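Each remark here refers to the structure printed beneath this line.
2 protein chains.
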Amino acid sequence: MARWEGGSRERLGDAAMRLFVAQGFEQTTVAEIAAEAGLTERTFFRYFADKAEVLFADQESFDALFLAGLEGADGGSPMELVAAALGGATVFFDDDRRPWSRRRQTVIDSNAALQERELHKIAAVASALTAALVKRGIDPTSAALAAQAGLNVFRLTFAAWIKRGEKRSFAEIQTGVLARLQSLLG
Amino acid sequence: MARWEGGSRERLGDAAMRLFVAQGFEQTTVAEIAAEAGLTERTFFRYFADKAEVLFADQESFDALFLAGLEGADGGSPMELVAAALGGATVFFDDDRRPWSRRRQTVIDSNAALQERELHKIAAVASALTAALVKRGIDPTSAALAAQAGLNVFRLTFAAWIKRGEKRSFAEIQTGVLARLQSLLG
Chain A
0 MARWEGGSRE RLGDAAMRLF VAQGFEQTTV AEIAAEAGLT ERTFFRYFAD
50 KAEVLFADQE SFDALFLAGL EGADGGSPME LVAAALGGAT VFFDDDRRPW
100 SRRRQTVIDS NAALQERELH KIAAVASALT AALVKRGIDP TSAALAAQAG
150 LNVFRLTFAA WIKRGEKRSF AEIQTGVLAR LQSLLG
Chain B
0 MARWEGGSRE RLGDAAMRLF VAQGFEQTTV AEIAAEAGLT ERTFFRYFAD
50 KAEVLFADQE SFDALFLAGL EGADGGSPME LVAAALGGAT VFFDDDRRPW
100 SRRRQTVIDS NAALQERELH KIAAVASALT AALVKRGIDP TSAALAAQAG
150 LNVFRLTFAA WIKRGEKRSF AEIQTGVLAR LQSLLG
């Protein structure tokens, strides 16, 4: 299942994920990852600061996706703006990524420090989104509530999307969860 | 400002908080807390498993408050039920508690491990509330969204309530934040 045609970065990422899933995140060393990828440790450190970065490096642009979605929106209610932000994130979660996302989540779920980092990442997106909404003239309380509700929609969507056997696209699931949110106060 | 008329438990709690604020949570030992309270370490450990318990012991019943509020509700939409749960929590945050809550938050904000424990505590309430809503026949997605929105209302309310100079009651602030949430999707 290795994608050897990929560059070193992708080979290292695939090798790391295989080892994390097979033997556990804590038990895996950078030396093993490099060997599994047929590369040197030196090459590993050219791409990643440490082994956890394999799981999080792709996600550096994570809040940029939400903000890009928001930027594309012309205006509207806070929840319409948040829906636009969520739409921006769907680009990232295409079907090719689903197997990787599933394995990644298995690794994260097995390690408290990784879980914490994941939570902080999502909290950082909520903060960035809140700030962007405030910049558009929305009061801070409504902005925070809307942004947090949006991230909750995202988390529930993601959890459903990576379920075994789930075939619907990220966008399709997210539309359904958003509709639930919109009907909550209806 | 000590409340010496209180029992040993309260004396220990007050002493611990004075030391946490004055010299930092990490720097404070149980021996110092006991000495500050004029009691023995042995007595401290009769009431608290460790120094962090001083900050969290009161809160053991924290999710019970939300669930009690929910139990008092006869029915209604998911958000009406969550509003009832939030009403249950206001009992805990009376004005006598505000100075303690302010100091407690200062201590929590200064320590990453305490912050994490606080986040987990709130996440646990959201889970318990979600489960209680599902038991009432609400679909799991709507239940999770409503419970999480409720806890976001709680967190924003709490943050406003402990602001320096804030005079409004917890219940009054919370009513305003809830109204913001309800108008978000209006």
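Which chain is which? The protein sequence lines are A and B, in order. For the first sequence, counting from 1, position 28 maps to 27 in numbering that gives the first Met the number 0; every step adds exactly one. For the second sequence, counting from 1, position 113 maps to 112 in numbering that gives the first Met the number 0; every step adds exactly one. Every residue, glycine too, gets a C-beta built ideally from N, C-alpha and C. What you are looking at is a predicted structure, and each value in this text was computed from that prediction instead of being measured.
Quick check on residue i: does DSSP put it in helix, strand or coil?
{"i": "A/Lys-166", "result": "coil"}
{"i": "B/Lys-50", "result": "coil"}
{"i": "B/Arg-135", "result": "coil"}
{"i": "A/Val-81", "result": "helix"}
{"i": "B/Ile-161", "result": "coil"}
{"i": "B/Ala-130", "result": "helix"}
{"i": "A/Ala-72", "result": "coil"}
{"i": "A/Phe-61", "result": "helix"}
{"i": "B/Leu-155", "result": "helix"}
{"i": "B/Gln-181", "result": "helix"}
{"i": "A/Phe-55", "result": "helix"}
{"i": "B/Asp-93", "result": "coil"}
{"i": "B/Phe-43", "result": "helix"}
{"i": "A/Ser-109", "result": "coil"}
Please go through the same chain and pick out, in chain order, the residues whose beta-carbon is closer than 8 Å to the beta-carbon of residue i, but skip the five residues on each side of it.
{"i": "A/Glu-25", "result": "Asn-110"}
{"i": "A/Leu-113", "result": "Phe-24, Ala-51, Leu-54, Val-106 and Ile-107"}
Hey, how far is the Cα of residue i from the Cα of residue j?
{"i": "A/Asp-138", "j": "B/Phe-43", "result": "46 Å"}
{"i": "B/Ala-48", "j": "A/Leu-183", "result": "41 Å"}
{"i": "A/Ser-60", "j": "B/Arg-135", "result": "40 Å"}
{"i": "A/Arg-179", "j": "A/Leu-155", "result": "11 Å"}
{"i": "B/Asp-108", "j": "A/Val-53", "result": "30 Å"}
{"i": "B/Arg-103", "j": "A/Phe-19", "result": "39 Å"}
{"i": "B/Thr-105", "j": "A/Thr-174", "result": "40 Å"}
{"i": "A/Gly-149", "j": "A/Arg-8", "result": "32 Å"}
{"i": "A/Ala-142", "j": "B/Asp-57", "result": "31 Å"}
{"i": "A/Arg-167", "j": "B/Gln-22", "result": "54 Å"}
{"i": "B/Asp-94", "j": "A/Val-133", "result": "30 Å"}
{"i": "B/Ala-170", "j": "A/Ala-72", "result": "36 Å"}
{"i": "A/Arg-45", "j": "A/Trp-99", "result": "22 Å"}
{"i": "A/Ala-145", "j": "B/Glu-79", "result": "18 Å"}
{"i": "B/Gly-6", "j": "B/Ala-15", "result": "14 Å"}
{"i": "A/Ile-172", "j": "A/Val-152", "result": "10 Å"}
{"i": "A/Ile-32", "j": "A/Arg-97", "result": "22 Å"}
{"i": "A/Gly-75", "j": "A/Val-29", "result": "48 Å"}
{"i": "A/Gln-181", "j": "B/Phe-157", "result": "25 Å"}
{"i": "B/Glu-70", "j": "B/Asp-62", "result": "12 Å"}
{"i": "B/Gly-68", "j": "A/Thr-27", "result": "47 Å"}
{"i": "A/Leu-11", "j": "B/His-119", "result": "33 Å"}
Which residues in the same chain have their Cβ closer than 6 Å to the Cβ of residue i, if we skip the five residues on either side of it in sequence?
{"i": "B/Phe-65", "result": "Ala-84, Gly-87, Ala-88, Val-124 and Leu-128"}
{"i": "B/Arg-101", "result": "Ile-161"}
{"i": "A/Ile-121", "result": "Leu-150"}
{"i": "B/Phe-91", "result": "Leu-64"}
{"i": "A/Glu-115", "result": "none"}
Does residue i come within less than 9 Å of chain A when only Cβ atoms are used?
{"i": "B/Leu-135", "result": "Reading off the sequence shown, one finds Arg at residue 135 of chain B, where the question assumed Leu. Taking Cβ atoms only, chain A never reaches closer than 9 Å to B/Arg-135, which makes this a no."}
{"i": "B/Ser-182", "result": "yes"}
{"i": "B/Val-176", "result": "yes"}
{"i": "B/Arg-179", "result": "yes"}
{"i": "B/Leu-118", "result": "yes"}
Determine whether the Cβ of residue i lies closer than 9 Å to any Cβ atom of chain B.
{"i": "A/Phe-19", "result": "no"}
{"i": "A/Ala-124", "result": "The question names Ala, but residue 124 of chain A is Val in the sequence shown. For A/Val-124, the answer is no, since every Cβ of chain B falls outside 9 Å of its Cβ."}
{"i": "A/Ser-168", "result": "no"}
{"i": "A/Ser-141", "result": "yes"}
{"i": "A/Glu-115", "result": "yes"}
{"i": "A/Ser-76", "result": "yes"}
{"i": "A/Asp-138", "result": "yes"}
{"i": "A/Ala-1", "result": "Per-residue confidence for A/Ala-1 stands at a pLDDT of 44, beneath the threshold of 50, marking its modelled position as unreliable; the derived number appears in the next sentence. Output row for A/Ala-1: interface = no."}
Is it the case that the CB of residue i approaches a heavy atom of the ligand ADP more closely than 8 Å?
{"i": "B/Arg-167", "result": "Summarising the ligand content, the structure contains no ligands, and the ligand ADP is consequently not present."}
Return the chain-ordered list of same chain residues with a C-beta closer than 7 Å to the C-beta of residue i, the five sequence neighbours on each side being excluded.
{"i": "B/Arg-17", "result": "Glu-35"}
{"i": "B/Glu-165", "result": "Ala-159"}
{"i": "A/Ala-82", "result": "Leu-177"}
{"i": "A/Pro-77", "result": "Leu-132, Ile-137, Ser-141, Ala-142 and Ala-145"}
{"i": "B/Glu-117", "result": "Ile-107"}
{"i": "A/Gln-147", "result": "Ala-125"}
Item to complete: Flag this pair as touching only if the segment 30–39 of chain B and the segment 119–135 of chain B have three or more C-beta atom pairs under 8 Å; answer yes or no.
Response: no
Worksheet item: Which residues, taken in chain order from the segment 143–157 of chain B, show a beta carbon closer than 8 Å to some beta carbon of chain D?
Response: Chain labels in this structure do not include chain D; the protein chains are A and B.
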